[in-house]
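Step one of this worksheet: look at the structure below.
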Amino acid sequence: MEILRIGDEVSYSPWIGGTRRATVEEIEICPIGRKEGRSVSSCNIKKHSNGVLSLSDGHWCYFDQVKTIHSNGR
8 MEILRIGDEV SYSPWIGGTR RATVEEIEIC PIGRKEGRSV SSCNIKKHSN
58 GVLSLSDGHW CYFDQVKTIH SNGR
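Taking my numbering, I'd label the letters of the sequence shown as residues 8 to 81.
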């Protein structure tokens with residue numbers, strides 16, 4: 008399972024290419040085609056097909072852009 012929680016660090020692929028690493032500040036499960044949705048504190052990002060993460064580096068990404076979850080103390 009790919010359980011992601013607020014406060015976890017993720018490695019993700021931004022649209023400009025490469026890989027970045029940042030801390031998750033907000034998780035939203037969204038309807039397909041939307042960027043806004045229901046805020047949650049944790050989520051299985053493989054089970055939900057669409058969602059958005061707000062990140063500490065000032066960027067956001069979709070669930071499918073996450074490459075690795077670096078769990079915070081788990």
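Beta carbons: idealized from backbone N, C-alpha and C, even for Gly.
Taking C-beta to C-beta, are residue i and residue j nearer than 8 angstroms?
i	j	result
Arg27	Pro21	yes
Taking residue i and residue j to be in contact with their CB atoms under 8 angstroms, please state how far apart those CB atoms are, rounded to whole angstroms.
i	j	result
Gly44	Ile36	5 angstroms
Glu9	Lys53	4 angstroms
Ile39	Asn51	Not quite, the Cβ-Cβ distance comes to about 17 angstroms (not below 8 angstroms), so this is no contact.
Only counting the same chain, and skipping five residues up and downstream in sequence, which positions put a Cβ closer than 6 angstroms to that of residue i?
i	result
Asp15	Val31, Ile76, Ser78, Asn79
Ser46	Glu35
Near residue i, what residues of its chain come up, given a Cβ to Cβ distance below 8 angstroms and the 5 sequence neighbours on each side ignored?
i	result
Ser49	Ile10, Leu11, Arg12, Ile13, Ile34
*Does the region 27-34 come within contact of the region 47-66, defined as at least 3 CB pairs closer than 8 angstroms?*
yes
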